[in-house]
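**Q**
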Amino acid sequence: MAETTPEKSPCALPELELLATLYTLGQLDAAAHDMPQIALAGRSNVGKSSLINALARRKKLAKVSSEPGKTRSVNLFLVKPDGFCLTDLPGYGYARRGHEERRSWAELIRKYLEDTPTLKALALLIDCRIPMQESDRVMADFARAHRLPVIGVLTKSDKCTLRERAAQQKAWEKVLGMRPVCVSSVSKLGIAELWGLLRAAGAPASEAGEESE
Ligand SMILES: Nc1nc2c(ncn2[C@@H]2O[C@H](COP(=O)(O)OP(=O)(O)OP(=O)(O)O)[C@@H](O)[C@H]2O)c(=O)[nH]1
Ligand SMILES: [Mg+2]
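Under my numbering, the first residue of the sequence shown is numbered 7, with each subsequent residue one higher.
1) Does DSSP classify V70 as helix, strand or coil?
2) Taking only heavy atoms of ligand 1 into account, decide whether any of them is closer than 6 Å to the Cβ of D164.
3) Sort out for me which residues DSSP pairs L82 with in a bridge.
4) On the CB-based measure, 16 or more other CB atoms within 10 Å of its CB, does I44 come out buried or exposed?
5) Pick out whichever of Y118, L168, S56, R64 has its Cα sitting closest to the Cα of E73.
6) G158: buried (16+ other C-beta within 10 angstroms of its C-beta) or exposed?
7) What is the rounded straight-line gap between the Cα of K180 and the Cα of T77?
8) For C134 versus S163, is the C-beta distance shorter than 7 Å?
9) Please name the residue in A177, L119, A146, M145 whose C-alpha comes closest to that of L31.
10) By Cβ distance, which residues of its chain are closer than 8 Å to P155, with the 5 residues on each side in sequence left out?
11) If you measure from the CB of N81, is any heavy atom of ligand 1 nearer than 6 Å?
12) Report the rounded CA-to-CA distance for S141 versus R49, giving the unit in angstroms.
13) So for G53, helix, strand or coil by DSSP?
14) Could you please give the first and the last residue of the uninterrupted beta strand (DSSP E) stretch that includes Q139?
15) Taking the alpha carbon of V85 as the point to measure from, which residue in P96, A18, R185, T122 has its own alpha carbon closest?
16) Can you check whether the CB of P186 is closer than 7 Å to the CB of L160?
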């Protein structure tokens, strides 16, 4: 009889495990920076936490809400067995939080992005349904200025027609220099393709074919 491994059979996609939840600049400083990391950045409510759950094939690993501003911390998820982290960041551009709270989130995001030497790439999540927003362009410029590779991700693609998706991909390709992948955390469109991009970008140096010391 053929040997089966049911728990691994649906796919060879990685598992995610919550490693750390960081609320303050001090906690960021104390966090281990010895692992390659890829950050998920995007406007509030774009679907970052839902995407973490879709990638993990779990419902409640990351907290999701229809209310913008749900994620208030920097959450590190270990990708197993690959050995890099996916980081769920608080969303930017949410006006209804108090000025002080928005300022401290922005500071947390900026510090994380600037002071994580092992940051390998930025997955920039953009709502497929809405026209290009200045805040997303600012984030793309920030990544370019810091020589951080960007993986463009068009979220909530289940809400868009094929024609709308193609138009958004074309428009964003000009800005990002790569064709963004269309995903849906509801239909799971593009999730396997995105895993391919994330794994290629997050692979520790030795696996990516670079010489290790
Ligand atoms: N139709 C559809 N809805 C989605 C998708 N992804 C997320 N949503 C919905 O969008 C809302 C926001 O999702 P979250 O994952 O919490 O968004 P977030 O970017 O983490 O938000 P913040 O933590 O506030 O920055 C929720 O109501 C989700 O159910 C998707 O692919 N398709
Ligand atoms: Mg969130």
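Using N, Cα and C, we set each Cβ at its ideal position, and we do this for glycine too.
Just so it is clear, the structure is predicted and the values come from calculations on it, not from any experiment.
**A** From the atom records:
1) As a working mapping, residue 70 is identified with position 64 in the sequence shown. In the structure shown, V70 sits in coil (DSSP, three-state: anything other than H, G, I, E or B).
2) Residue 164 sits at position 158 when you count from the first residue of the sequence shown. Indeed, a heavy atom of ligand 1 lies less than 6 Å from the Cβ.
3) As a first step, residue 82 is located in the sequence shown; it is residue number 76 there, counting from the start. DSSP, once it has assigned bridges, lists A26, T93 as partnering L82.
4) Within the sequence shown, residue 44 is the residue found at index 38, counting from 1. Looking at its Cβ environment, which holds 16 or more other Cβ atoms inside 10 Å, I44 is buried.
5) Numbered from its first residue, the sequence shown carries residue 73 at position 67. Nearest C-alpha to E73: S56.
6) Position 152 of the sequence shown holds residue 158. It is buried - the Cβ of G158 has at least 16 other Cβ atoms within 10 Å.
7) The residue you call residue 180 lines up with position 174 of the sequence shown. The residue you call residue 77 lines up with position 71 of the sequence shown. Looking at the two C-alpha atoms, the distance is approximately 30 Å.
8) The count along the sequence shown starts at 1 and reaches residue 134 at position 128. The count along the sequence shown starts at 1 and reaches residue 163 at position 157. Cβ distance < 7 Å, so C134 and S163 count as in contact.
9) Counting from one through the sequence shown, the residue named residue 31 turns up at place 25. Residue L119 is the option with its Cα nearest to L31.
10) Taking the sequence shown and counting its residues from 1, one reaches residue 155 at position 149. These residues qualify, in order along the chain: K126, A127, L128, A149, A207.
11) Position 75 of the sequence shown holds residue 81. Result no, Cβ not under 6 Å from ligand 1.
12) Position 135 of the sequence shown holds residue 141. Position 43 of the sequence shown holds residue 49. Their backbone Cα atoms lie some 8 Å apart in a straight line.
13) Here residue 53 refers to the residue found at position 47 when the sequence shown is read from its first residue. Coil at G53, not helix or strand.
14) Taking the sequence shown and counting its residues from 1, one reaches residue 139 at position 133. Premise fails: Q139 is in no beta strand (DSSP E) and is neither H nor E.
15) Start at 1 with the first residue of the sequence shown, and residue 85 comes out as number 79. Answer by Cα proximity: A18.
16) Within the sequence shown, residue 160 is the residue found at index 154, counting from 1. Within the sequence shown, residue 186 is the residue found at index 180, counting from 1. Contact: yes.
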